[in-house]
């Protein structure tokens, strides 16, 4: 197992925080800046996208429309499901453990 290097974690954290605080009103720009900054681009972009989407109260339709309301998941036995169902499952888990 490879050792987790704290310096890499801190660099990615800095990118996420900087992108979120600098572009809170622009979902597109926040993700673009996080990805353009390098390091762990997919995770940083996804994390910033989630934070900005949560902060704005929505993810712009141009980002969700291509999914056609469906999402593929690595959850064992589920494969592809309706996005609404995944949101419902996630919300029920939050309620269960809150």
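Numbering (the working numbering), first residue to last: 171 to 268. Glycine included, C-beta positions come from ideal geometry on N, C-alpha and C.
By the neighbour-count criterion, in which 16 or more other beta carbons inside 10 Å mark a residue as buried, residue 228 falls on the exposed side. Here residue 204 is buried: its Cβ has 16 or more other Cβ atoms, across all protein chains shown, within 10 Å. Scanning the segment 179 to 266 for uninterrupted beta strand (DSSP E) segments of 3 residues or longer gives 240 to 242, 250 to 252, listed from N- to C-terminal end.
CA-to-CA, the gap between residue 261 and residue 235 works out to about 22 Å. The beta carbon of residue 250 lies closer than 8 Å to those of 240, 241, 242, 243 in the same chain, with the five residues before and after it left out.
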